[in-house]
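Asker:
Protein chains in written order, with the working numbering: chain H, 562 to 892; chain P, 60 to 674; chain G, 23 to 365.
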């Protein structure tokens, strides 16, 4: 097992290197605004733009820039005119000159709170709904939950977010119950921040809960057809125990994989729509800004962080899966 | 071509919005065969929603204001900021040589300087006398001296402090070229010395010019670049490239960005998220500083990407005002109909928007074709894509309302003798005539020369404007290829790069730097200023008579003579028919019902040093 | 111990209402199992043998299933029994083992845990006691090193070993009746023999009745006391092993016997096949379900023959309208030139 993990980690490092190379290439191949011109302002002359281009390192070839970037990530690096930086240096934002790593770390708590809270909500909703729908297959209850989940899956997240705001937010909503946009930044303490997350959690969890409920339902229906469930009943087990211990145990295993990947992708910035609608200063909102401003170091940094999360959680999920399904352990 | 259905829908929506907006706030007369009727409707709106520029008599001290913004300032370093939203902050945190009080339109008011600057007889020396009682915020804690202003100007030449306007407006300062070169050659060697700027003593600043461009210099020094910077404190930050002074900046105004009082590092600034202003403990109110500074604390919250929700929040909330976004039409309507009086204000932004026609390539190298296109354009429709009547009057020449030279250039109606601008709703017959003059007998374009490239915004309202422009061009027989890109890409890769510029750039416009014709006309219509990158002369107009007239006007130092000269240049430019003018923007600002906001006319935005909360 | 039958099934019918139509999986099955005896149920796939037997434990109940007829176990009626009462019988008085032991054991739980569960659902004992019992059972069914193996997962056992585990699990609570649904079909021939021997040994040791379900006559020929032949949802012949093998009364049974490979036949001799295919359980023929494949069907066969004793010894019933004398004559023809050996 240890060798397996080490091998996976080495592959991950290589993968991250490839990802950052791809981001570099994409940035230069596809049209993006020229960061030097943006930074220079609107009446700057050619010399000024050239000087700024030089100070951002944009006058060098892509390969050189990439090499400098990789060095910065892995080794202490001496850049002219600046302090040398420790390892894991991801550059400075073209727009605000802030250290990319610091910015991302300061964004992570908000995104983390959003994602993990949403996970709790969507699991808490998906499990009972999925299980009950599977048990009461084809009843009115089952059919109506399936239709409801379909609606939530189809509704775009930003639309849901806006509707939620216009219905429930304290400042502009019809039923002013929950804190509205911008309330995360205005909150003073943890409890306040949690309060500001109630609507975003509901919105982000809505579609995912629906997906998980449907998935769990179909997994359970499949498992219930299995022979070992028949054996469990034949042993005389009460139905509740059959569902809880035998059916659920099998049905849950692929959901763990799904969950790991969903969490990774959300942490990597996929909550961008929810964050923008509710003005949560997280990784997604940062991505939105960075793309708008052609801020390559920030885009690069966020992409790498995202790739790192995905790779790590992928590994964790695989390990968890081996723990859950003993059949895959011996390879 | 592909967007036809979408265009009709957008047009329909824009028209409905326009009609809806017209129904409120004006007397509803939509007979716009003459511009004055339209102007009249807008005038009524302007009156009803006129911006308050004076605080109420019972303005109360204290309280906290929150500014809701979509994005961040461009730079937190006053030496680099070049953006109205940034000025909202710097006008509260800095004491520039001269500043713009809320009502100032023609001339700024002395602030750090104790009186208007003196210009010598020959016009080549500008002397400022500065006050001796202006203090820096902690941790610098000392009085400002003239050498600090010299340093502030010099550091703005560093590539690490990317100031976009100093080099243009101070181009005639003696020794500046050498200083620029020095800065660019040695970007981390500290601020270069400009020999023409001297501080003979602590309260005197002297600027030597090679030519009589004092008005341009004084105007430029009303911008944050003249905010004093303490060299002994800033040197270490300015030795880096890019400079880190911004994240450690000190203040000389009534407010400061919260910082660590020992090290000076800003704690109140998180890029793209928040700016937290507190009172500057070292600032004292005095007769020499016109700012009352009622509020105790101001928090700017950024990241409200959806401006519709943000606007609703401001209108329904407490202690909120808008920051960098202009209120979208739906919110304007809501504020106008449902809001309390005073929640919505309209102010000319000091900017214009137009559709640039590339005069250097076919078919727009032919003035008759250009005139045809302008004549055919329904400029009211184009204006309405911004959100309707309340968004500003239809543009008829370069200089905007409430701007020196605007009235001399024809006021709202514009140059009376130009037939292609006479009817803002368009004159198709006249257009056909011009096309025939250009050699197209049918009155519409024929042949391969009719294929036009247009690069415009991919999101509203820019995309709406471009779509309408596309339609109007196609009425004249042109075949338009409309490429949509983001606003930044549109500028930095296409329209501002002459080698790559298309025939039509529908989403360009210019905002003044300061209230003088030079800042509206020189970068945008002087043939000398067509540069290979970052070009702002989008029509690439290069007419020697106009270039000369501009270069001469820059050097006039008598104010009335100068304003008339700029008005004359304006007229000459309009005769070239180089663009389709469609709006002089009004900035629509909103505040919560409990805010007694004051608008700064120069900035077209809330003035944080004058705004207070209602008792 | 009384002489009354342990289990009695009377005219059981199990019909499923599906989108394609009503599937008559079981359409008239009656049987008797006495204490300690082995009843072999023989039939091809689709004959309804599994469904009929699963219905004994109530495992076929579904919203689209209609079950009629009676199944009485020690005097208690099973078709209507529910809840606690039914669960008290499952795995306790009546146990069942299934065809594929790999898919019949939960892949994610250790074997020991599944065995312990079987103990503790019916007996109020501690985990340790249940574990000890489980180890004992594994030893009983012939699994070497049971203390170690009790901590392993099903996929770590070979096919034959797994089936032994299933048998161990079924025996946990000393059931009076064991239903074995094709327990050897998924195993190779050698293992088959071992498992059958094991079941037989246990049956004798514990005095347990067994229903052995199979499609292979050869399996029951070794060990069954009584045999029932099923076709298309019905029991078509029932009697003692000797009666059914040596005096078969139903043409389908003749076909089955004729198609047996026998070691005393020349290798080149062709097996007699039954022509045609089993009917779809949705559209069954009127009357005798076998009539479309039966070489001897006649007009009367369009009405359903009841299960009765006609020819043969007492207790030997069948569903065929043919005269017993006629049957004798035709039987020789059907079973081929080698006929049958007299008892």
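Note that CB positions come from ideal geometry on N, CA and C, so glycine has one too.
Please decide whether residue 842 of chain H counts as near chain P, where near means a Cβ-Cβ distance under 8 Å.
Answerer: Your numbering for residue 842 of chain H matches position 281 in the first chain. For residue 842 of chain H, the answer is yes, since a Cβ of chain P falls inside 8 Å of its Cβ.
Asker: Could you tell me how far apart the beta carbons of residue 124 of chain G and residue 184 of chain G are, in whole angstroms, since I believe they sit closer than 8 Å?
Answerer: Counting from one through the third chain, the residue named residue 124 of chain G turns up at place 102. Counting from one through the third chain, the residue named residue 184 of chain G turns up at place 162. Right, their Cβ atoms sit about 6 Å apart.
Asker: Give the C-beta separation of residue 447 of chain P and residue 388 of chain P to the nearest angstrom, bearing in mind that I take them to be a contact with Cβ-Cβ under 8 Å.
Answerer: Residue mapping note: residue 447 of chain P aligns to position 388 of the second chain, counting from 1. Residue mapping note: residue 388 of chain P aligns to position 329 of the second chain, counting from 1. Right, the Cβ-Cβ distance comes to about 6 Å (below 8 Å), so this counts as a contact.
Asker: Hey, residue 436 of chain P and residue 639 of chain P: beta-carbon distance below 8 Å or not?
Answerer: Taking the first residue of the second chain as 1, we reach residue 436 of chain P at position 377. Taking the first residue of the second chain as 1, we reach residue 639 of chain P at position 580. Yes, they are a contact pair.
Asker: Beta-carbon within less than 6 Å of residue 866 of chain H's beta-carbon, same chain only, minus the 5 sequence neighbours each way: which residues are those?
Answerer: Here residue 866 of chain H refers to the residue found at position 305 of the first chain. Here the set comprises 665.
Asker: Counting pairs of beta carbons, one from the region 25 to 39 of chain G and one from the region 417 to 427 of chain P, are three or more of them closer than 8 Å?
Answerer: Touching, no, given that fewer than three Cβ pairs across the two stretches are closer than 8 Å.
Asker: Could you tell me whether any Cβ in chain G is nearer than 8 Å to the Cβ of residue 789 of chain H?
Answerer: Numbered from its first residue, the first chain carries residue 789 of chain H at position 228. By this cut-off, residue 789 of chain H is an interface position.
Asker: Using the beta-carbon count (16 or more within 10 Å), is residue 81 of chain P buried or exposed?
Answerer: By one-based count along the second chain, residue 81 of chain P stands at place 22. Residue placement at residue 81 of chain P is poorly supported in this model, since its pLDDT is 35, which falls under 50; the coordinates are not used for a value here.
Asker: Beta-carbon of residue 362 of chain P versus every beta-carbon of chain H: anything under 8 Å?
Answerer: Mapped onto the second chain, residue 362 of chain P falls at position 303. Yes, residue 362 of chain P lies at the interface with chain H (some Cβ there is under 8 Å from its Cβ).
Asker: What's the call for residue 251 of chain P, buried or exposed, on a 16-neighbour Cβ count within 10 Å?
Answerer: Locating residue 251 of chain P in the second chain gives position 192, where the first residue counts as 1. Buried, by the Cβ-count rule.
Asker: Less than 8 Å between the C-beta atoms of residue 515 of chain P and residue 543 of chain P, yes or no?
Answerer: The count along the second chain starts at 1 and reaches residue 515 of chain P at position 456. The count along the second chain starts at 1 and reaches residue 543 of chain P at position 484. Yes. Within cutoff.
Asker: Three or more C-beta pairs under 8 Å: does that hold for the region 593 to 601 of chain P against the region 577 to 585 of chain P?
Answerer: Taking 8 Å as the limit for Cβ pairs, the verdict is that the region 577 to 585 of chain P does touch the region 593 to 601 of chain P.
Asker: Can you list the residues of chain H that residue 251 of chain G reaches, using a CB-CB cut of under 9 Å?
Answerer: Start at 1 with the first residue of the third chain, and residue 251 of chain G comes out as number 229. Going along chain H, no residue has its Cβ under 9 Å from residue 251 of chain G, so there is no contact; the nearest lies around 25 Å.
Asker: DSSP on residue 338 of chain G, reduced to helix/strand/coil?
Answerer: For this step, residue 338 of chain G is matched to residue 316 along the third chain. Three-state result, residue 338 of chain G: coil.
Asker: I want to verify the contact list: residues of chain P whose CB lies under 7 Å from the CB of residue 599 of chain H, in sequence order.
Answerer: Along the first chain, read from residue 1 onward, the residue named residue 599 of chain H stands at position 38. Within chain P, the residues near residue 599 of chain H are 547, 551.
Asker: Taking Cβ to Cβ, would you say residue 127 of chain P is nearer than 8 Å to residue 499 of chain P?
Answerer: Translated into the one-based positions of the second chain, residue 127 of chain P becomes position 68. Translated into the one-based positions of the second chain, residue 499 of chain P becomes position 440. In this structure, residue 499 of chain P does not lie closer than 8 Å to residue 127 of chain P by Cβ.
Asker: Please specify which runs of the beta strand (DSSP E), each continuous and at least 3 residues long, are wholly inside the region 675 to 754 of chain H, giving them in chain order.
Answerer: The region 675 to 754 of chain H contains no whole beta strand (DSSP E) run of 3 or more residues.
Asker: Measure the CB-CB distance between residue 663 of chain P and residue 469 of chain P and report whether it falls below 8 Å.
Answerer: Translated into positions along the second chain, residue 663 of chain P becomes position 604. Translated into positions along the second chain, residue 469 of chain P becomes position 410. Against a cut-off of 8 Å, the Cβ pair of residue 469 of chain P and residue 663 of chain P comes out as no contact.
Asker: Which residues does DSSP list as the beta-bridge partners of residue 62 of chain G?
Answerer: Walking along the third chain from the start, residue 62 of chain G turns up at place 40. Residue 62 of chain G pairs with G:234, G:249.
Asker: Output the distance between the C-alpha atoms of residue 92 of chain P and residue 132 of chain P, rounded to the nearest integer angstrom.
Answerer: By 1-based counting over the second chain, the position of residue 92 of chain P is 33. By 1-based counting over the second chain, the position of residue 132 of chain P is 73. The pLDDT assigned to residue 92 of chain P is 36, lower than 50, so where the model puts this residue is not dependable; a value taken from the coordinates is nonetheless given after this. Approximately 42 Å between the Cα atoms of the pair.
Asker: Got a sec, what are the start and stop residues for the beta strand (DSSP E) residue 256 of chain G sits in?
Answerer: In the third chain, residue 256 of chain G corresponds to position 234, counting from 1. Counting along the chain, the beta strand (DSSP E) containing residue 256 of chain G begins and ends at 256 to 262.
Asker: Return the first residue and the last residue of the alpha helix (DSSP H) that residue 426 of chain P is part of.
Answerer: Taking the first residue of the second chain as position 1, residue 426 of chain P is located at position 367. Counting along the chain, the alpha helix (DSSP H) containing residue 426 of chain P begins and ends at 426 to 435.
Asker: Check whether chain H comes within 8 Å of residue 126 of chain G, counting only Cβ atoms and requiring the distance to be less than that.
Answerer: Taking the third chain and counting its residues from 1, the one referred to as residue 126 of chain G is at position 104. Answer yes: the Cβ-Cβ gap between residue 126 of chain G and chain H drops below 8 Å somewhere.
Asker: 8 Å is my cut-off, CB to CB: does residue 897 of chain H come that close to chain G?
Answerer: Missing from the structure shown is residue 897 of chain H; chain H here goes from 562 to 892 and no further.
Asker: Would DSSP call residue 350 of chain G helix, strand or coil?
Answerer: Taking the first residue of the third chain as position 1, residue 350 of chain G is located at position 328. In the structure shown, residue 350 of chain G sits in a helix (DSSP, three-state: H, G or I).
Asker: Measure the C-alpha to C-alpha separation of residue 332 of chain G and residue 885 of chain H and round it to an integer number of angstroms.
Answerer: Within the third chain, the letter at position 310 stands for residue 332 of chain G. Within the first chain, the letter at position 324 stands for residue 885 of chain H. Roughly 60 Å between the two C-alpha positions.
Asker: Closer than 8 Å is the cut-off here; do at least three beta carbon pairs connect the region 38 to 55 of chain G with the region 207 to 224 of chain G?
Answerer: Touching, no, given that fewer than three Cβ pairs across the two stretches are closer than 8 Å.
Asker: If you draw a straight line from the alpha carbon of residue 141 of chain P to that of residue 277 of chain P, how long is it in whole angstroms?
Answerer: For the purposes of this step, residue 141 of chain P is taken as the residue at position 82 of the second chain. For the purposes of this step, residue 277 of chain P is taken as the residue at position 218 of the second chain. Each residue's alpha carbon lies about 16 Å from the other.
Asker: Considering only residues of the same chain and omitting the five flanking positions on each side of residue 906 of chain H, which have a CB-CB separation below 8 Å?
Answerer: Here chain H covers residues 562 to 892 and nothing more, so residue 906 of chain H does not appear.
Asker: Please tell me whether residue 154 of chain P has its Cβ less than 8 Å away from any Cβ of chain H.
Answerer: For the purposes of this step, residue 154 of chain P is identified with residue 95 of the second chain, where counting begins at 1. So no, residue 154 of chain P is outside the interface.
Asker: Residue 338 of chain P and residue 320 of chain P: beta carbons closer than 8 Å?
Answerer: Indexing the second chain from 1 puts residue 338 of chain P at position 279. Indexing the second chain from 1 puts residue 320 of chain P at position 261. In this structure, residue 320 of chain P does not lie closer than 8 Å to residue 338 of chain P by Cβ.
Asker: So, at 8 Å on beta carbons, what are the nonlocal neighbours of residue 834 of chain H in its own chain, with the 5 sequence-adjacent residues on each side left out?
Answerer: The residue you call residue 834 of chain H lines up with position 273 of the first chain. Answer for residue 834 of chain H: 717, 718, 719, 722, 845, listed in chain order.
Asker: So residue 372 of chain P contacts chain H; which residues on that side make the cut at Cβ distance below 8 Å?
Answerer: Counting from 1 along the second chain, the entry for residue 372 of chain P is found at position 313. The answer, in chain order, is 732, 733, 741, 742, 743.
Asker: For chain P, is any of its Cβ atoms less than 8 Å away from the one on residue 602 of chain H?
Answerer: Against the first chain, residue 602 of chain H aligns to sequence position 41. Answer yes: the Cβ-Cβ gap between residue 602 of chain H and chain P drops below 8 Å somewhere.
Asker: Can you find the residues in the same chain that come closer than 8 Å, C-beta to C-beta, to residue 83 of chain P, ignoring five residues on each side of it along the sequence?
Answerer: Residue numbering aside, residue 83 of chain P sits at position 24 when the second chain is read from its first letter. Unreliable positioning characterises residue 83 of chain P in this predicted model, as indicated by a pLDDT of 33, which lies under 50. The coordinate reading is nonetheless provided below. Excluding residues within five positions, the ones whose Cβ falls inside 8 Å are 392, 395, 396.
Asker: Scan the region 796 to 818 of chain H for residues whose Cβ lies nearer than 7 Å to a Cβ of chain G and list them as they occur along the chain.
Answerer: Going along the region 796 to 818 of chain H in chain order, one finds 796, 797, 798, 799, 807, 810, 811 with a Cβ nearer than 7 Å to chain G.
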